[in-house]
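Asker: Following this message is one structure expressed as structure tokens.
There are 2 protein chains.
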Amino acid sequence: MRRAGVLLALAVTLGGCTVQRQALLGRPGTPPVAADPPPPLAVPPGMAWLYGSGEAAALSEQAYNGMVRYVGGVLSAARDRRGRLPSQRKEGTLPRWPASAVLAPGATAATAETLPCGVLPPAVVLDMDETAVLNLGYEYDDGQHPREFDQKRWERWEQGGADKVVAVPGAVAAFRALRSMGVTMVINTNRSAANAAQTALALSNAGLGAFTHGDTLFLKGDVDGRSGKDGRRAAIAARYCVLALAGDQLGDFADLFNPPGPAPAIGRRMLTAVAPIEGRWGNGWFMLPNPIYGTGLGTGWDETFPQDKRWSDTP
Amino acid sequence: MRRAGVLLALAVTLGGCTVQRQALLGRPGTPPVAADPPPPLAVPPGMAWLYGSGEAAALSEQAYNGMVRYVGGVLSAARDRRGRLPSQRKEGTLPRWPASAVLAPGATAATAETLPCGVLPPAVVLDMDETAVLNLGYEYDDGQHPREFDQKRWERWEQGGADKVVAVPGAVAAFRALRSMGVTMVINTNRSAANAAQTALALSNAGLGAFTHGDTLFLKGDVDGRSGKDGRRAAIAARYCVLALAGDQLGDFADLFNPPGPAPAIGRRMLTAVAPIEGRWGNGWFMLPNPIYGTGLGTGWDETFPQDKRWSDTP
Chain A
82 MRRAGVLLAL AVTLGGCTVQ RQALLGRPGT PPVAADPPPP LAVPPGMAWL YGSGEAAALS
142 EQAYNGMVRY VGGVLSAARD RRGRLPSQRK EGTLPRWPAS AVLAPGATAA TAETLPCGVL
202 PPAVVLDMDE TAVLNLGYEY DDGQHPREFD QKRWERWEQG GADKVVAVPG AVAAFRALRS
262 MGVTMVINTN RSAANAAQTA LALSNAGLGA FTHGDTLFLK GDVDGRSGKD GRRAAIAARY
322 CVLALAGDQL GDFADLFNPP GPAPAIGRRM LTAVAPIEGR WGNGWFMLPN PIYGTGLGTG
382 WDETFPQDKR WSDTP
Chain B
82 MRRAGVLLAL AVTLGGCTVQ RQALLGRPGT PPVAADPPPP LAVPPGMAWL YGSGEAAALS
142 EQAYNGMVRY VGGVLSAARD RRGRLPSQRK EGTLPRWPAS AVLAPGATAA TAETLPCGVL
202 PPAVVLDMDE TAVLNLGYEY DDGQHPREFD QKRWERWEQG GADKVVAVPG AVAAFRALRS
262 MGVTMVINTN RSAANAAQTA LALSNAGLGA FTHGDTLFLK GDVDGRSGKD GRRAAIAARY
322 CVLALAGDQL GDFADLFNPP GPAPAIGRRM LTAVAPIEGR WGNGWFMLPN PIYGTGLGTG
382 WDETFPQDKR WSDTP
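Heads up: the sequence lines are chains A and B, in that order.
So the first sequence is residues 82 to 396, counted in our numbering.
So the second sequence is residues 82 to 396, counted in our numbering.
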């Protein structure tokens with residue numbers, strides 16, 4: 082169905098502008114007059130969609146339903162005749178765990194080797210923001226007062242916003258279902274290690290249960306101190322058989338999507354469709370929607386619209 | 082990871098405005114001067130994300146991978162010992178098809194009864210725009226010249242844009258895989274029946290194969306002439322066992338999400354999480370992302386941000 086989204090985007094883009102321009106113009110020849118207070122902003126379309134729509138909620142439920150279904154299947158296949166998982170048996174007995182969902186050091190998108198699981202206990206590793214919780218409080222403030230990202234403001238949010246988040250649709254039921262299967266839920270987030278207690282409180286307030294820093298909650302500052310999550314993923318994978326990864330950013334799955342230095346010849350979008358990577362989406366790797374912020378935004382016209390797919394309306 | 086999305090949104094919102102304002106102001110006391118040509122617009126964030134990001138591509142691959150996995154599982158479970166599907170056997174023999182993914186007439190979100198499948202041949206029914214194909218050409222024009230939706234412009238796009246679309250990531254491989262399993266792919270779109278040939282050409286150009294109006298391609302104007310798709314879904318379900326539905330709008334799954342008259346007491350977002358509906362996402366119903374247009378946009382502040390989840394930064 083085609084409809085009003087374009088009009089809304091236009092209102093957001095130009096709404097305040099029109100009023101200011103009229104106020105400034107006044108009558109020809111008269112000096113500019115002070116602008117009226119700007120009209121209330123419309124909700125940015127990405128926020129309306131992600132936080133307000135049934136469509137985005139359904140996408141999130143779909144990701145979490147897929148995760149429960151996938152992990153349930155892996156656990157069934159890994160049980161022996163007495164119902165024991167590999168983590169409850171001696172190393173080398175059959176059936177084994179599949180390989181971890183975590184790529185091995187040195188893996189490329191073309192090879193995508195994963196870590197072995199041995200007899201480690203099963204876990205699912207998830208990003209936090211816009212993956213496990215929706216940051217309604219922070220984004221409300223940001224939507225009402227659009228301004229450049231400020232790390233200090235975000236830190237104040239980490240410290241003071243624990244009661245202003247909600248769980249992503251489907252997350253509470255999925256966390257409960259997976260834990261009831263004996264799976265440990267682990268959060269790997271770039272929230273700061275300095276705010277571990279408030280971050281655990283936010284997760285608990287959202288209904289996602291208890292998390293322990295260094296065991297089931299990994300933060301920026303832990304392990305190697307980096308923003309890239311491969312180091313923390315490796316530390317988690319040393320303790321758990323990571324059956325699934327979830328996130329809203331490609332970096333929640335592997336750092337190879339965000340190489341240092343100049344942009345790689347093959348774009349990030351194409352990298353998601355390389356053969357061994359393409360098959361992982363929904364099969365161990367679970368993406369959540371987020372058109373509001375992150376590495377998924379910021380492409381220019383040329384990267385977004387190939388030259389041969391451009392159309393000009395000629396009424 | 083937190084980042085530059087907010088800044089981008091701000092640039093989109095205010096970018097052109099600043100330049101116009103400076104040009105209009107001139108020096109105090111001087112009459113307004115003509116504005117310079119506006120600077121190039123930034124790509125609207127929703128378009129950058131949906132058409133340019135690896136994150137959105139991964140979400141689409143995930144939906145299509147989930148569809149292939151789900152339908153493959155249903156087909157396996159429905160085969161008899163000789164490998165024959167219910168549609169290749171006499172009515173009443175076991176195992177049967179599961180019920181259709183199409184809700185029965187009179188079903189509500191709370192009951193969600195579905196149609197029986199009998200011995201009909203298997204099909205998957207998908208919306209077209211931003212579900213099977215990405216309308217790069219149209220949205221490029223719209224992004225470059227933001228303006229209110231115009232049905233006549235959209236019709237010119239239906240008639241002349243068949244070579245300016247691409248398949249949604251994952252769709253080509255999924256259509257191929259499902260057809261190789263003996264599943265008929267059916268498109269149910271609100272593009273106009275008058276443009277059936279150009280619409281079939283667009284699908285073919287995108288690599289999605291051949292579609293026949295009235296058999297595998299259902300358009301607005303067909304069956305009951307309505308925008309609501311329940312009538313067409315019923316007509317398709319009279320010929321096929323619809324194992325899965327896919328779309329980017331809730332109306333692609335059931336008209337009950339879009340009741341006529343005043344908005345229902347329970348919001349569309351909550352309706353997606355009612356028990357029998359919640360379990361369908363990823364299990365027969367497959368949602369594709371679209372934060373650019375549609376029924377998922379347009380909520381106001383109060384519907385998007387509950388009062389008790391609002392936060393104000395106090396530096």
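Each residue gets a CB set at the ideal place from its N, CA and C atoms; glycine is no exception.
Using a Cβ cut-off of 8 Å (strictly closer), state whether Gln279/B contacts chain A.
Answerer: Not one chain A Cβ lies under 8 Å of Gln279/B.
Asker: Between the Cα of Gly328/B and those of Met128/A, Tyr132/A, Gln143/A, spot the shortest distance and give me the residue it belongs to.
Answerer: Checked all of Met128/A, Tyr132/A, Gln143/A; the closest Cα to Gly328/B is Gln143/A.
Asker: Buried or exposed: Ala278/A, going by 16 or more other Cβ atoms within 10 Å of its Cβ?
Answerer: The residue in question, Ala278/A, is exposed, as its Cβ has fewer than 16 Cβ neighbours within 10 Å.
Asker: Examine chain B for any beta-carbon lying closer than 8 Å to the beta-carbon of Gln143/A, and answer yes or no.
Answerer: So, interface residue.
Asker: Give the range of the beta strand (DSSP E) segment to which Lys301/A is assigned.
Answerer: Counting along the chain, the beta strand (DSSP E) containing Lys301/A begins and ends at 298-301.
Asker: At a Cβ threshold of 8 Å, is Tyr219/B touching chain A?
Answerer: Taking Cβ atoms only, chain A reaches closer than 8 Å to Tyr219/B, which makes this a yes.
Asker: Rounded to the nearest angstrom, what separates Leu259/B and Val205/B at their Cα positions?
Answerer: For Leu259/B and Val205/B, the distance between alpha carbons rounds to 8 Å.
Asker: How far does the alpha helix (DSSP H) with Asn146/B in it extend, from its first residue to its last?
Answerer: Run containing Asn146/B: 135-159, per the alpha helix (DSSP H) assignment.
Asker: Any beta carbon of chain A sitting closer than 8 Å to that of Gln103/B?
Answerer: Here Gln103/B scores only 30 on pLDDT, less than 50, and its place in the model should not be relied on; the value that follows carries that caveat. Chain A contact via Cβ: absent.
Asker: For the alpha helix (DSSP H) containing Phe256/A, name the first residue and the last one.
Answerer: Counting along the chain, the alpha helix (DSSP H) containing Phe256/A begins and ends at 252-261.
Asker: Smallest Cα separation from Val214/A: which of Thr270/A, Gly187/A, Ala193/A, Gly263/A?
Answerer: If we check each option's Cα against that of Val214/A, Thr270/A comes out closest.
Asker: Is it the case that the Cβ atoms of Thr380/B and Ala129/A are separated by a distance below 8 Å?
Answerer: Yes, these two residues count as a Cβ contact at 8 Å.
Asker: Would the C-beta of Gly242/B count as close to the ligand SAM, meaning under 7 Å from any of its heavy atoms?
Answerer: Summarising the ligand content, the structure contains no ligands, and the ligand SAM is consequently not present.
Asker: Could you work out which residue in Ala123/A, Pro126/A, Gly135/A is closest to Gly332/B when comparing CA atoms only?
Answerer: Out of Ala123/A, Pro126/A, Gly135/A, Gly135/A has the C-alpha closest to the C-alpha of Gly332/B.
Asker: If you draw a straight line from the alpha carbon of Leu289/A to that of Asp244/A, how long is it in whole angstroms?
Answerer: Taking the straight line from one Cα to the other gives about 13 Å.
Asker: I want to verify the contact list: residues of chain D whose CB lies under 9 Å from the CB of Lys390/A, in sequence order.
Answerer: No chain D appears in this structure, whose protein chains are A and B.
Asker: Identify each residue in the stretch 374-386 of chain B for which the Cβ-Cβ distance to at least one residue of chain A is less than 8 Å, and report them in chain order.
Answerer: Listed by position along the chain: Tyr374, Gly375, Thr376, Gly377, Leu378, Gly379, Thr380, Gly381, Trp382, Glu384, Thr385, Phe386.
Asker: If we count the other Cβ atoms within 10 Å of its Cβ and call it buried at 16 or more, is Ala252/A buried or exposed?
Answerer: Buried, since its Cβ has 16 or more Cβ neighbours within 10 Å.
Asker: Let me know the secondary structure DSSP gives Asp383/B once reduced to three states.
Answerer: Three-state result, Asp383/B: helix.
Asker: Round the Cβ separation of Val155/A and Pro179/A to the nearest angstrom and send it over; I've been treating them as touching at under 8 Å.
Answerer: Right, their Cβ atoms sit about 6 Å apart.
Asker: Alpha helix (DSSP H) containing Arg450/B: first to last residue?
Answerer: Outside the displayed span of chain B (82 to 396) sits residue 450/B, for which this structure offers no information.
Asker: From the beta carbon of Met128/B, is the nearest beta carbon of chain A less than 8 Å away?
Answerer: So, interface residue.
Asker: Curious, which full-length alpha helix (DSSP H) runs of at least 4 residues does the stretch 222-292 of chain A contain?
Answerer: Segments of the alpha helix (DSSP H) lying fully in the stretch 222-292 of chain A: 232-241, 252-261, 277-286.
Asker: Are Pro250/B and Ser141/B touching if we call contact CB-CB under 8 Å?
Answerer: Contact: yes.
Asker: Check whether the Cβ of Leu88/A lies closer than 8 Å to any Cβ atom in chain B.
Answerer: Low local confidence applies: a pLDDT of 36 at Leu88/A is under 50, so the model's placement there is unreliable, and no value is given.
Asker: Give the interface partners of Arg314/A over in chain B, defined as CB-CB distance under 8 Å, in chain order.
Answerer: Going along chain B, no residue has its Cβ under 8 Å from Arg314/A, so there is no contact; the nearest lies around 14 Å.
Asker: Kindly identify the DSSP beta-bridge partner or partners of Leu326/B.
Answerer: DSSP output for Leu326/B lists Val206/B, Trp366/B as bridge partner(s).
Asker: Please confirm whether Leu352/B and Phe338/B have their CB atoms less than 8 Å apart.
Answerer: It is a contact, given that the beta carbons lie within the stated cut-off.
Asker: So if I threshold CB-CB distances at 7 Å, which residues from the stretch 338-352 of chain A count as touching chain B?
Answerer: Those would be Phe338, Arg349, Arg350, Leu352, in chain order.
Asker: Going along the chain, which residues of its own chain have a beta-carbon closer than 7 Å to the beta-carbon of Ser285/B, five neighbours each way excluded?
Answerer: Closer than 7 Å at Cβ, skipping near neighbours: Ala291.
Asker: Taking Leu352/A as part of the alpha helix (DSSP H), name the residues at either end of that continuous run.
Answerer: Residues 349-352.
Asker: Would Ser393/A count as contacting chain B if we go by Cβ distances under 8 Å?
Answerer: With 8 Å as the cut-off, Ser393/A counts as an interface residue toward chain B.
Asker: With respect to the alpha helix (DSSP H) encompassing Glu359/A, which residues constitute its N-terminal and C-terminal limits?
Answerer: Here the alpha helix (DSSP H) through Glu359/A covers 356-359.
Asker: Output, in chain order, the set of chain B residues within a Cβ distance shorter than 7 Å of Met368/A.
Answerer: Chain B residues near Met368/A: Glu136, Ala139, Leu140, Gln143.
Asker: Tell me the DSSP bridge mates of Val214/B?
Answerer: According to DSSP, Val214/B bridges with Asp210/B, Ala248/B.
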